[in-house]
């Protein structure tokens, strides 16, 4: 892996993604005494950064592999991303989804002609079901976060952000499966001048925080967080990158996530999903640490059921 | 009034407003078989286009007038706009608001240091209270929609839109007090090559529709519309402009407004208020008429109580 690889990845996926806008809010900057820029992946195709990794993963497959299709398991956004990227590349997509996934995310998969296969809402059930489909159909398994091509694709959000704002002191991202923060850490490493990367994680699913302390991949016993995109744990492909390049992880409570989400809705007039509010909640919780800094926040996605909001 | 006047107005208010982005959505374009561009005044300072007219109105006052302050009555957004513009120009603002105005709009006025004076929720009560304050304090009365300086200020949203998209066939705006559509009609007249202007209006407050038929300013007996910014009628300054330059007004039902609002939230991931969804609802209702056209829609504002949504 080097800088050239990421540049190639970025060029390869460009026809399949939006270059999303970078927004800021005077009111929020005043509130926190920092200069914050938000990379709006909630405006990305299908509504989340996941489109970047999914597009790159499918583009990495051989013609023969593409003919047999792709399969993934996902809490939602990666499902839509694979469906849409596969549709655009004329590839069949099998999507294993937990039965309690938000209806808005199931609808997204249907819109993009992915074939949904439901399973129980545990990491184990997801993986077993996806493996079964891969075997039966000969489909290539795409992991939502723990696959190099996905991580490299994800890095392109931060690459674009750093192109526009080269003087960032720090970039904050949410931490779920680790694919976004690992990609962001690679981008900061190769494309910035010492920009740090910090993760925000729900206290209720703080596996990554504990993993960085113990030095091995920890899991969660429960997932009682509103941040439905972060109900998962790190993997062996992204954890080494995170260990090496991520400064630290800040944990936040559920009410802090909801308040941060509401603040962005009300002040910036943009729709973000709960997972997406986690790094901003981490900043609000640690205002002193970020005072007078140039901060980038990756707003990871905007797929939320507007009829079922947490506030 | 001529083109030069509007150019001067635009230059004068530029330091006090955002040049808001123009967004589009592939999914929405496919859905309606037209090329739609949305001028996002929901991202304007204080969250609505009203900042443009308010800034221009205060900038038009003499030093002496500014010292005595300004007063207005408003269903909400103009209140915030006058408060913020006055704060920036170090002018005292008295704001007459209906007692049932959304709390989010009252909070906005407080944030910008406007002094709220509550009254009953009728046009008559608003006007009487504002006149009283004007007399007692010597404050200059600013009308939310029926004042030349406000109309000219409002025109700058469409001027910017036409600069970016000079080939628009039609621009759609909501119709409430008439200040936005009149300003937009002037902009289209002076800055476009035959671009039409069409209004969207709730069936439940269709005074402007009836006014264009009868040729005189009609009022509403009731205001049972979710579009809280449109619960008002035209005035003697904007009606002549509307009569001369507006193509027509399309009326929409309440459920059509709410569906259009939800569609923009879900597809574009941006927050718009109900009034703001009315012209898009008009387009959805009349898809055939707009087929293959280049359509601009002024998204007028995004100030909505996110804890009290119509869907």
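Chains as they are written, first to last, in our numbering: chain A, 37 to 347; chain B, 37 to 347.
The beta-carbon is built from N, C-alpha and C at its ideal position, and this holds for glycine as well.
Which whole-angstrom value is the C-beta distance of residue i and residue j, which I expect to be below 8 Å?
i             : j             : result
residue 348/B : residue 138/B : Nothing can be reported for residue 348/B: it is not among the residues displayed for chain B, which extend from 37 to 347.
residue 93/A  : residue 183/A : 6 Å
residue 48/B  : residue 187/B : Not really, about 15 Å apart at Cβ, beyond 8 Å.
residue 91/A  : residue 189/A : 6 Å
residue 208/B : residue 331/B : 7 Å
residue 131/A : residue 145/A : 5 Å
residue 233/B : residue 281/B : 6 Å
residue 109/B : residue 163/B : 6 Å
residue 263/A : residue 214/A : 14 Å between Cβ atoms; not a contact.
residue 247/B : residue 254/B : 5 Å
residue 59/B  : residue 74/B  : 5 Å
residue 178/B : residue 118/B : 6 Å
Less than 8 Å between CB atoms is the rule here; does residue i satisfy it with respect to chain A?
i             : result
residue 298/B : yes
residue 343/B : yes
residue 78/B  : yes
residue 83/B  : yes
residue 305/B : yes
For residue i, tell me which candidate among the options has the shortest Cα-Cα distance.
i             : options                       : result
residue 219/A : 250/A, 173/A and 270/A        : 270/A
residue 289/B : 82/B, 242/B, 203/B and 164/B  : 242/B
residue 115/B : 211/B, 37/B, 265/B and 229/B  : 265/B
residue 18/B  : 112/B, 214/B and 133/B        : Summary: the structure shown does not reach residue 18/B, with chain B confined to residues 37 through 347, and so no result is reported for it.
residue 101/A : 82/A, 79/A and 129/A          : 129/A
residue 195/A : 62/A, 217/A and 316/A         : 217/A
residue 198/A : 228/A, 233/A and 150/A        : 228/A
residue 226/A : 175/A, 260/A, 202/A and 60/A  : 202/A
residue 105/B : 73/B, 149/B and 62/B          : 149/B
residue 348/A : 71/A, 76/A, 326/A and 282/A   : The first residue shown for chain A is 37 and the last is 347, placing residue 348/A beyond what the model contains.
residue 158/A : 259/A, 295/A and 221/A        : 259/A
residue 251/B : 224/B, 279/B and 343/B        : 279/B
residue 312/B : 117/B, 79/B and 40/B          : 79/B
residue 99/A  : 44/A, 320/A, 180/A and 175/A  : 175/A
residue 206/B : 315/B, 127/B, 267/B and 108/B : 315/B
residue 268/B : 249/B, 286/B and 238/B        : 238/B
residue 235/B : 285/B, 255/B and 214/B        : 285/B
residue 124/B : 113/B, 61/B, 53/B and 74/B    : 53/B
residue 275/B : 321/B, 222/B and 178/B        : 222/B
residue 46/B  : 326/B, 73/B, 185/B and 204/B  : 185/B
residue 81/A  : 71/A, 55/A and 61/A           : 55/A
residue 283/A : 319/A, 297/A and 231/A        : 231/A
residue 299/B : 326/B, 261/B and 346/B        : 346/B
residue 323/B : 224/B, 103/B, 71/B and 97/B   : 71/B
residue 343/A : 135/B, 320/B, 297/B and 44/B  : 297/B
Would you verify that the beta carbon of residue i is, or is not, closer than 8 Å to some beta carbon of chain B?
i             : result
residue 389/A : There is simply no residue 389/A to check, as chain A begins at 37 and stops at 347 in what is shown.
residue 302/A : yes
residue 321/A : no
residue 112/A : no
residue 249/A : no
residue 57/A  : yes
residue 338/A : yes
Is the closest heavy atom of the ligand ZN to the C-beta of residue i under 7 Å?
i             : result
residue 246/B : With respect to the ligand ZN, the structure offers nothing, as it holds no ligand at all.
Evaluate contact between the stretch 155–171 of chain B and the stretch 64–75 of chain B, counting only Cβ atoms and requiring at least three cross-stretch pairs below 8 Å. Not touching, per the Cβ criterion.
Sequence ranges, beta strand (DSSP E) only - wholly within the stretch 117–191 of chain B, length at least 3: If only uninterrupted beta strand (DSSP E) runs of at least 3 residues are considered, those enclosed by the stretch 117–191 of chain B are 129–134 and 151–155.
Between the stretch 333–340 of chain A and the stretch 80–92 of chain A, can you find at least three pairs of beta-carbon atoms closer than 8 Å? Short answer: they touch.
Using 8 Å as the threshold, is the stretch 297–308 of chain A in touch with the stretch 303–320 of chain B, meaning 3 or more CB pairs across them? Touching, per the Cβ criterion.
Ignoring anything shorter than 3 residues, give me the beta strand (DSSP E) runs that lie fully in the stretch 210–252 of chain A, in order along the chain. Fully enclosed beta strand (DSSP E) runs of 3 or longer: 232–238.
Going along the chain, which unbroken runs of the alpha helix (DSSP H) with 4 or more residues stay wholly within the stretch 276–326 of chain A? List check, alpha helix (DSSP H) in window: 290–304, 310–321 and 323–326.
Please give the ranges of any alpha helix (DSSP H) in the stretch 67–99 of chain A, keeping only runs that are unbroken, at least 4 residues long and fully inside the region. The stretch 67–99 of chain A contains these whole alpha helix (DSSP H) runs: 86–95.
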